[in-house]
Amino acid sequence: MTHPTLAGSSRSSFAADWWRHAVVYQVYPRSFADSDGDGLGDIRGVVSKLDHLESLGVDAVWLSPFYPSPLVDGGYDVSDPRSVDPRLGTVDDMRELVADAHSRGIKVIVDVVPNHTSDQHAWFQEALASPKGSAARARYVFRDGLGPDGGEPPSDWRSHFGGPAWTRLPDGQWYLHLFAREQPDLDWSNRGVRDDLLRTLRFWGDLGVDGFRVDVAHGLAKDLAEPLRSQPNLDRQLPTDGSDPLYDRDELDEIYAEWRAVFNEYEPPLMAVAEAWAPPSRVSRYAKRGSLGQAFNFEFSTSAWDSDQLRGVIERGLASAERSGATTTWVLSNHDIVRHATRFALPNGVDLDAWLLTGGVDPAPDVAVGRRRARAAALLMLALPGSVYLYQGDELGLPEVADLPIDRLRDPIWERTNGAQKGRDGARVPLPWDSEAPHLGFGTGEPWLPQPAVFRELAVSSQDADPASTLNLHRAAIRLRGLLDASEDITWIDSPDGVLHFRRAGGWRCLTNVSGDAVPLPAGEMLLSSAETPVGDTVPRDTTVWYR
Ligand code: NOJ
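Numbering follows numbering that gives the first Met the number 0, in which position 457 of the sequence shown is assigned residue number 456; successive positions increment by one, without gaps.
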């Protein structure tokens, strides 16, 4: 089935479906740009770099949390969702960011974190000070423990960051936290919890933001009926019938229908994209028109450099979009994932957690291969219908920083797994802007995570004037995508093993060579190639070309 076309008008800022094919750039604010020299990126830092985003040509910027937070989980532990962390700026700074971005035709999406709050949130502090069975405790998930003295956790649920998902208070009760113990889970059967989130949506909607990225969107509704059912391994494959006690439950539909009604109060309606780690067959539920409207498809971020796997990812993503009526999304990297320039530099199948523990040396990444493949993957992704989510630094080809000193690690995963996993800091290292400036132009103060020497040659200033740079490849591809984009489907072209080849409406084609050898370049006009040197009559390995 062919969806309505993205005719010129939907690129306009006023079109309700602007998000369907948008290129969205994820800013991790504390690592993007530091305007006041405290070593932490901030909102005015983002404002100061809007020129960069404009020259890249992105349609929208998504800001990871910038709310007041004790930073136990990089800002995903929010202590006040309707405010700005004073270290990052003020609500007025956000207003200015939105106005400045809009004046350049760039939309702004912010994160909402509905599953949990920080333990420093006023509600949790009130719950701690209130007795068992109180209304204040009913906003969270408090339970008595098991065993004769209640000394056993209420269930065997585990935290994603390691250890039990329950922590006991001095008064004997336990509270649930699917992430760090400083991130207590809210109880979404509580009306006050639901209303407060609607308030948060309207707060940012009224300020002018264009949409939301919804954290742990598959986790809000839980089956908390006694006795609590077993869910011993949080990372196992979820059932496809919504029967898991913690995740991807059918009651979520009703929650998101309420949110949708709020989104539709705005003109154009606010958009939302779900972070829902649900089975591929169920992700489309979150993307339905009456629900959040779009969901992340993370499959590129877990795919090996293998043509069958990559083709499977594309086919499942497009099929999911057919089911929901939304468009799919494509994600190679984000703040939770080992950066793809590094993933693709490693042999297929390497256990990335184990590799990080070696400090990133065993096996040694092949940097040149990683760079080639990252460029080819970017062009493949940008040739697809649907929206593309780029992570800050993707456009520079930044690698994972795998050798951060242990005493600089900030991700709770390191401590909570007792050093069994290093965590996600290596994807969150402050960006290099200027190869000649102190701290590579991130800011005047010592950055909160140290930048590696290799960032110098990858800085924006180092790549800007080089037509073959990864930065200029992204600029060219995003510009061309906007001109060539037409329909929401693709037609596969028969090709030899190891080659992905498809046609878009209007006749332009994308060919990615994942095989180990060069393949013949089909006849036609070359539009763009990911290779760093001009392509002759063959497409080198690890290369994508657009032609017509
Ligand atoms: C997903 C976020 O992307 C991640 O960074 C965070 O740790 C968890 N949700 C918990 O909020």
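Using N, Cα and C, we set each Cβ at its ideal position, and we do this for glycine too. On a predicted model such as this, the values are computed, not experimentally measured, just so you know.
On the DSSP letters alone, give me the boundaries of the beta strand (DSSP E) that residue i sits inside.
| i | result |
| --- | --- |
| V544 | T542 to Y546 |
| T166 | W165 to R167 |
| A273 | M270 to A273 |
| S386 | S386 to Y390 |
| H500 | V498 to R503 |
| T328 | T328 to V330 |
| V26 | V22 to V26 |
| W173 | W173 to L175 |
| T511 | R508 to N512 |
Taking 8 Å as the line, does the beta carbon of residue i fall inside it for any heavy atom of the ligand NOJ?
| i | result |
| --- | --- |
| Y285 | no |
| H176 | no |
| E274 | yes |
| D184 | no |
| R29 | no |
| N114 | yes |
| N333 | yes |
| H339 | no |
| Y72 | Note that residue 72 corresponds to Asp in the displayed sequence, not to Tyr. Yes, the beta carbon of D72 sits closer than 8 Å to at least one heavy atom of the ligand NOJ. |
| V360 | no |
| V215 | yes |
| R423 | yes |
| Y24 | no |
| V75 | Per the sequence shown, residue 75 should be read as Tyr rather than Val. At least one heavy atom of the ligand NOJ is nearer than 8 Å to the Cβ of Y75, so yes. |
| H120 | no |
| H159 | yes |
Reducing DSSP to helix, strand and coil, say where residue i ends up.
| i | result |
| --- | --- |
| I489 | strand |
| S9 | Model confidence at S9 stands at a pLDDT of 38, short of 50, so the residue's coordinates are unreliable and nothing is read from them. |
| A530 | coil |
| Q124 | helix |
| P3 | A caution first: P3 carries a pLDDT of 34, below 50, which makes its placement in the model too unreliable to give a value. |
| A100 | helix |
| Y139 | strand |
| R157 | strand |
| W354 | helix |
| Q230 | coil |
| I336 | coil |
| H51 | helix |
| Q462 | helix |
| W18 | helix |
| R371 | helix |
| T443 | coil |
| R423 | coil |
| G44 | helix |
| S242 | coil |
| R198 | helix |
| A134 | coil |
| D170 | coil |
| S30 | helix |
| D406 | helix |
| R621 | In the structure displayed, the chain extends from 0 to 547; residue 621 sits before or after that span and is not available. |
| G348 | coil |
| S300 | helix |
Could you pull the start and end residues of the alpha helix (DSSP H) that residue i belongs to?
| i | result |
| --- | --- |
| G311 | S306 to S323 |
| L439 | Counting along the chain, L439 falls outside any alpha helix (DSSP H), and DSSP gives it neither H nor E. |
| V282 | P279 to A286 |
| W258 | L251 to F262 |
| I477 | T469 to L483 |
| T341 | H339 to R342 |
| R455 | F454 to L457 |
| L413 | The sequence given here places Trp at residue 413; Leu does not occur at that position. Unbroken alpha helix (DSSP H) run through W413: P411 to R415. |
Under a CB-based cut-off of 9 Å, is residue i close to chain D?
| i | result |
| --- | --- |
| L55 | No chain D is part of this structure, which consists of one protein chain only. |
Quickly, what does DSSP pair residue i with across the bridge? List them, please.
| i | result |
| --- | --- |
| M525 | Y546 |
| I108 | W61 and G210 |
| L553 | Examination of residue 553 is not possible in this model, given that the chain is present from 0 through 547 alone. |
| D184 | H115 |
| P519 | T537 |
| A548 | Residue 548 is absent from the structure shown; the chain starts at 0 and stops at 547. |
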